[in-house]
Amino acid sequence: MSLPIGPVGEAGYIPVKTGDWSTAKPVISEKCNFCLLCWEFCPDGVIKQVAGKRVEVDYDYCKGCGICAHECPVKAIEMVEQNG
């Protein structure tokens, strides 16, 4: 028996949408100093650098694990409960 190859994207990123099961999401505030530790520690590669000194989260694929918020040295990321 062989298993099919799973969905794999760039640099080990696994593009699987979280759907409705994610209960929290990271929200990045203006306190962000663009150190990119959130990007470095994100296990799912959903944090992207956008237009110079701004980061954004792809909520379609974010699992809401909170590692980014935990690792942020200036506490610029808050985990917020998802609605519905």
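Our numbering applies: residue 177 is where the sequence shown begins, and numbers increase by one.
Think of the CB as a built atom: it goes at the ideal place given N, C-alpha and C, for glycine as much as any other residue.
Keep in mind it's a predicted model, so treat the numbers as computed, not measured.
Cβ distance (whole Å) where I243 is taken to contact V233 below 8 angstroms: Actually they do not touch by this definition, with Cβ atoms about 12 angstroms apart.
Spatial distance of V256 from H246 (CA atoms): 13 angstroms
Rounded C-alpha distance that separates P219 from E206: 23 angstroms
Distance CB(V226)-CB(I204) smaller than 8 angstroms: Their beta carbons are not under 8 angstroms apart, which means V226 does not touch I204 by this criterion.
Residues near D236 in its chain [Cβ-Cβ closer than 6 angstroms; skip 5 each side]: K193
Under 8 angstroms between C-beta atoms of F210 and K229: yes
Coarse secondary structure for E206, derived from DSSP in three states: Collapsing the DSSP output to three states places E206 in coil.
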